[in-house]
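Protein chains in written order, with the numbering used here: chain A, 131 to 508; chain B, 131 to 508.
Note that the Cβ used here is the ideal one computed from N, Cα and C, for glycine as well.
Following: one structure in structure tokens, then a few remarks.
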């Protein structure tokens, strides 16, 4: 049975410590359930909730306040891919006929946990013992690309500039001010070569999607494929940087199952936790040839009006990256794009969209999880 | 496709702060995979990992060290029912033909988080604002039973005495010393009427099971039914205490699907986080009539040699309750019992076993989740 997205919803994104995780979740769920226009008694029949650092029970607290009680609720965690993992499990449940209508919710409140600065790795990990935070981890990847001449500093910074140009049209984005190259390159250094404007911020938010089988409603968005892979091994002798191999393999499998190629994809939401993440993701997905993502970005092709729109929501950098919510925020953006409901950031004539989310990457594993889904109509 | 448990494994249980969560997980997985005697290349094809307070990525770290890489890994959380939630998702995946062989792992290390004392509720919950910890929550339930004359203090304490008599025969149990009624009743008061020996301890541990379709191996244990329900609403006007309704409804559905009655069940592992939990669980499952569980326990019927064996592993009270690991530790015990491999605590001729796990219970919801599974051969 093929799955469709009936409806999506999100909260606003940004630091909002005064709003509880349950309230954020409520905002996303009420919008998604309303958008899905479920018949009375039409579900959801089960709920998957993605959250990374949320307290146990956050899912039930949220759903309780909505009167969604007495159905199976399962919280899932796959680091930054937790939201898309919830979506992936919901899609699988519908495709297999396990449940009819399933709600996928992602929710995260980081600002009450981390007032400022990076989320620290576990001291029990080799990375943790070395102080290798996520910014440092991505900085090593960026350094390798720079050393190989595969990207230039200005091209890295151009990712943040481009995303800021989209985000001014996203009223729910965390950062809604256009920034220029000088500002990005001149901002405070976090982990060389990544300046602060090349790193995602501490953010709070929630996003949700209602998924079910084809019910004959044109507005519903077909799921062409959803693929989840976990952690291939990686070490420094690999030809490519961490994450590249996972994204490459996962996307190839998704294209095969959906029977589409990257050139059929009109709009992409990918995992740009740091500017280098977008460059690596673009090349691994096949949006740009090896070493070509930076030039494509600097030429404006991934930005407003360009030929290869990437992260029209503003992405993790500008829309925000509340870990467990991110994947479903990406799904929501693609659904809005495919329905032509994306306002000032609308990609004209978008018919097929792609979401890519990476989770983690610890102890020599390429990724805790990579989830890639294709949505739309061929 | 019906599912079977091919193999199970656990770590030892107790405070072991010097052993990392990944190492505990490794001990359980290596035993379960060996016990399952998988053919080379025979899987697992996917992994579900239950953990409540584990750091993101604990699953991948554990599996990485075993060379289980490149298959989907999904962490699930459902409070104290996280381990059985992982099992439930694994069983469903096999039954639906989504994956062939699936590993379910539960792992938790509490001693490095909580040196002593209870795990505190979230200050964002109504319970949290009231200081209503889990011991206090269960104490209210116990007080109601006492006030109604539905149980006597000595009968509550008899649960702990009984479980200690089993646990002396479980070399992996956290507490392996037989205790008597006077000692239980005279121990330090935690939340009236629950003394410290009526409360589970801070514990570390892991447990795992390998699940797949019928492969014609007699030693494999059939899954007759697995049912997961989430949080019905509860308030003080309900005739029964919190958890009772969830356990009752979930078990009725499990009996229906498995086509067995409680009288067909030879051995039970149930969620005795506190002595009163076992009393409530017994009555909700139908092991004893309303108001009859205490007398049955005091008469020795649930203990060694009794007619209604409950928690032969020692249960959460004596074997230990490392949250995410508990459900799979219960599964492991039932598998050992049904195979006749339970040593000095073996229930003679056990053919059908039941596991019941309760997770959470916050903000007026009866339970985050209740999972009940029936295993064995009719």
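- In terms of Cβ geometry, residue 353 (chain A) and residue 168 (chain A) do not form a close pair [threshold 9 angstroms].
- Residue contact with chain A for residue 207 (chain B): present (Cβ-Cβ distance below 9 angstroms to some residue of chain A).
- Chain A has no Cβ within less than 9 angstroms of the Cβ of residue 146 (chain B).
- Here residue 487 (chain A) has 211, 214, 401, 457 and 501 as same chain residues with Cβ atoms under 6 angstroms from its own Cβ, once five neighbours each way along the sequence are excluded.
- The beta-carbon distance between residue 141 (chain B) and residue 335 (chain B), rounded to whole angstroms, is 5 angstroms. This is short enough to meet the 8 angstroms contact definition.
- Here the stretch 431 to 438 of chain A makes no contact with the stretch 350 to 365 of chain A; the two share fewer than three CB pairs at distances below 8 angstroms.
- Annotation note: the stretch 297 to 328 of chain B contains the following uninterrupted alpha helix (DSSP H) runs of length 4 or greater, listed N- to C-terminal: 311 to 316.
- Within the same chain, 355 come within 6 angstroms of residue 387 (chain B) by CB-CB distance, once the 5 residues on both sides are set aside.
- Contact fails between the stretch 194 to 213 of chain A and the stretch 303 to 311 of chain A, because fewer than three Cβ pairs, one in each stretch, are under 8 angstroms apart.
- For residue 331 (chain B), the number of other beta carbons within 10 angstroms of its own is at least 16, and it is reported as buried.
- Around the beta carbon of residue 244 (chain B), fewer than 16 other beta carbons lie within 10 angstroms, which makes this residue exposed.
- Around the beta carbon of residue 197 (chain B), a 10 Å sphere encloses fewer than 16 other beta carbons of the protein chains shown; the residue is thus reported as exposed.
- Interface flag for residue 370 (chain A) against chain B is unset, since no Cβ pair is found closer than 9 angstroms.
- Membership of residue 237 (chain A) in the beta strand (DSSP E) is indicated by the continuous run 232 to 239.
- Between the alpha carbons of residue 159 (chain B) and residue 179 (chain B) lies a distance of about 11 angstroms.
- Between the alpha carbons of residue 135 (chain B) and residue 468 (chain B) lies a distance of about 11 angstroms.
- The C-alpha of residue 481 (chain A) is placed about 20 angstroms away from the C-alpha of residue 342 (chain A).
- Within chain A, the residues whose beta carbon sits less than 8 angstroms from that of residue 215 (chain B) are 204, listed in sequence order.
- Closest option to residue 188 (chain B), judged by alpha-carbon separation, among B:376, B:154 and B:363: B:154.
- Neighbours of residue 362 (chain A) in chain B, taken as residues at a C-beta separation under 7 angstroms, are given in chain order as 199 and 200.
- Residues of the same chain with a CB within less than 7 angstroms of the CB of residue 321 (chain A), apart from the 5 flanking positions on each side, are 265, 266 and 269 in chain order.
- Taking 9 angstroms as the upper bound on Cβ-Cβ separation, chain A lies near residues 489 and 490 of the stretch 478 to 490 of chain B.
- Taking all protein chains shown into account, residue 260 (chain A) has fewer than 16 neighbouring C-beta atoms within 10 Å of its C-beta and is therefore exposed.
- Nearest CB-CB separation between residue 234 (chain A) and chain B: not below the 9 angstroms threshold.
- A distance below 9 angstroms separates the beta carbons of residue 410 (chain A) and residue 275 (chain A).
- Measuring C-alpha to C-alpha distances from residue 483 (chain A) to each of A:371, A:507 and A:365 identifies A:507 as the nearest.
- Inside the stretch 350 to 410 of chain A, DSSP marks whole alpha helix (DSSP H) runs of 4 or more residues at positions 374 to 388, from first to last along the chain.
- Residue 338 (chain B): member of the beta strand (DSSP E) spanning 334 to 343, first to last residue.
- Residues of the same chain with a CB within less than 6 angstroms of the CB of residue 418 (chain A), apart from the 5 flanking positions on each side, are 412 and 426 in chain order.
- When the five nearest sequence neighbours on each side are left out, the beta carbons in the same chain lying within less than 8 angstroms of the beta carbon of residue 190 (chain B) are those of 203, in order along the chain.
- Of B:166, B:157 and B:147, the smallest CA-CA separation from residue 345 (chain B) is found for B:166.
- In the structure shown, the three-state DSSP call for residue 213 (chain A) is helix.
- For residue 220 (chain B), no CB of chain A lies under 9 angstroms from its own CB, so it is not counted at the interface with that chain.
- The beta carbon of residue 194 (chain A) sits closer than 9 angstroms to some beta carbon of chain B.
- Comparing alpha carbon positions, the residue from A:447, A:473, A:193 and A:173 closest to residue 307 (chain A) is A:447.
- Taking 9 angstroms as the cut-off, the Cβ atoms of residue 286 (chain B) and residue 406 (chain B) count as close.
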